[in-house]
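Presented below is the structure to which this report refers.
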Amino acid sequence: MNQSSRFWDRIAKRYAGRPVSDEASYQKKLEITREFLRSDMEVLEFGCGTGSTAIAHAPYVKHIRAIDISAKMLEIAQGKAASANVENITFEKGTIEDIGVSDQSLDAVLALSVLHLLKNREPVVARVYRALRPGGVFVSSTACIGGSMRFMKPILAIGRFIGLVPLVRFFTTKELQDSLTDAGFRIDRQWQPSKGAAVFIVASKAV
Numbered sequence: 002m003n004q005s006s007r008f009w010d011r012i013a014k015r016y017a018g019r020p021v022s023d024e025a026s027y028q029k030k031l032e033i034t035r036e037f038l039r040s041d042m043e044v045l046e047f048g049c050g051t052g053s054t055a056i057a058h059a060p061y062v063k064h065i066r067a068i069d070i071s072a073k074m075l076e077i078a079q080g081k082a083a084s085a086n087v088e089n090i091t092f093e094k095g096t097i098e099d100i101g102v103s104d105q106s107l108d109a110v111l112a113l114s115v116l117h118l119l120k121n122r123e124p125v126v127a128r129v130y131r132a133l134r135p136g137g138v139f140v141s142s143t144a145c146i147g148g149s150m151r152f153m154k155p156i157l158a159i160g161r162f163i164g165l166v167p168l169v170r171f172f173t174t175k176e177l178q179d180s181l182t183d184a185g186f187r188i189d190r191q192w193q194p195s196k197g198a199a200v201f202i203v204a205s206k207a208v
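Numbered according to our numbering, the sequence shown spans residues 2 to 208.
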């Protein structure tokens, strides 16, 4: 975690200044997610980054607990929330593994552009499943680069060793789907804007 948090701390300001690479797709993901949100929901977003998505969804839910491993990212997120007068988000440093989350205490969990950055995604997916109440939803957007991009693996390993890139895991869309269904989730929506783009999935826990 320390190496990864240092990486994200270092690039936080630059990351916050970059425009969304595909604004239309981002807005569609927000729209799809809101189909599953309600005003009484308790939501967790892990890997919240600079808080843009949490802030966008805050008016549609009761409360969002937004966590990230980067203190610098969270500083930016808190500033953005304050500027937008959003008061129902709690920002917190940590990972889903080391913060206190009770079983069946959440209505929705968001993991956007983060599952491929985890050392082991299966235990995290299982933890999300336990944390959700029956009928709860898990929303993710994930770079599934285990097929066509495997040639990048040694290059990224060198980049991580010298601190230029974060940890990146290589897996296919099918492997991600299997992680979700093996944990007990049902996949309700799946969308990929274009070949090579992140795979957006809404999965639910049975009632």
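A virtual CB, placed ideally from N, CA and C, is assigned to each residue, including glycine. Just so it is clear, the structure is predicted and the values come from calculations on it, not from any experiment.
Leaving aside the five residues that flank A59 on each side, the residues in its chain whose CB is nearer than 7 Å to its CB run, in chain order, I65, V87, N89 and I90.
In this structure K73 is not in contact with F201, their Cβ atoms being roughly 27 Å apart against a cut-off of 8 Å.
Counting of Cβ neighbours within 10 angstroms places R19 among the exposed residues, the total staying below 16.
Listed in chain order, the non-local C-beta contacts of F186 below 7 Å within the same chain comprise Y130, F139, A204, S205 and K206, local neighbours out to five positions each way being set aside.
Proximity of the region 44-56 to the region 98-114 meets the contact definition, three or more beta-carbon pairs being nearer than 8 Å.
Short of 7 Å from the beta carbon of S71, and not among the five residues preceding or following it, lie these beta carbons of its own chain, in chain order: S6, W9, D10 and A13. Less than 8 Å separates the beta-carbon of A67 from that of F92.
For K81, the enclosing alpha helix (DSSP H) begins and ends at A72 to S84. Per the C-alpha coordinates, the member of D41, G50 and L38 positioned closest to R15 is G50. Put simply, of I146, L177 and A17 the residue whose alpha carbon is nearest the alpha carbon of V169 is I146.
Residue range I90 to K94 is occupied by the beta strand (DSSP E) that includes E93. By the 16-neighbour rule on beta-carbons within 10 angstroms, E46 is buried. Here R35 has H58 and Y61 as same chain residues with Cβ atoms under 8 Å from its own Cβ, once five neighbours each way along the sequence are excluded. Less than 8 Å divides the Cβ of L75 from the Cβ of K94.
In this chain, the beta strand (DSSP E) harbouring E46 covers E43 to F47. Among the bridge pairs identified by DSSP, W9 is matched with none. Annotation for A78: T51, G52 and F92 place their beta carbon closer than 6 Å to its own, counting only its chain and skipping 5 residues before and after.
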